[in-house]
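Colleague: Here it is, the structure, as structure tokens.
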Amino acid sequence: GMTICAHPAVKVELEIAWPDAKFYFDEGDFHAMLEYVEEGICPFMAVGHEDTVMDSVYLAKLCERDLVFTDSVVAEIPLAF
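Next comes the structure, spelled out in structure tokens:
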């Protein structure tokens, strides 16, 4: 199957939710994930909209690559404040 880039902070949650999925976790940031897409390491990214929506440079890079956010939910991770 296809590999999905994701941040290692959500590794456990993603592996529990999708045990048969093939994930690529790296310590790089969201910008690095875009490079992994270009390099063919992973054609998909699991990235939270809230994590990146305020990063105009990242959003511009998505546009340059014709990538978009979808409303697909990969994992729901409860947070407490």
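Residue 48 in my numbering sits at position 36 of the sequence shown; the count goes up by one each step and never skips. Quick reminder that beta carbons are idealized off the backbone N, C-alpha and C, glycines included.
(1) Can you have a look at A18 and say buried or exposed, based on whether 16 or more other CB atoms are within 10 angstroms of its CB?
(2) Mapping the DSSP letters down to three states, classify C54 as helix, strand or coil.
(3) Using CA coordinates, which residue listed in P90, L26, L79, I28 is at the minimum distance from P55?
(4) Cα-Cα, which of M14, L46, V49, E88 is closest to D32?
(5) So is I28 buried or exposed if we call it buried at 16+ other beta carbons inside 10 Å?
Modeller: Checking against the coordinates, here is how it stands:
(1) Buried, by the Cβ-count rule.
(2) coil
(3) L79
(4) M14
(5) Exposed.
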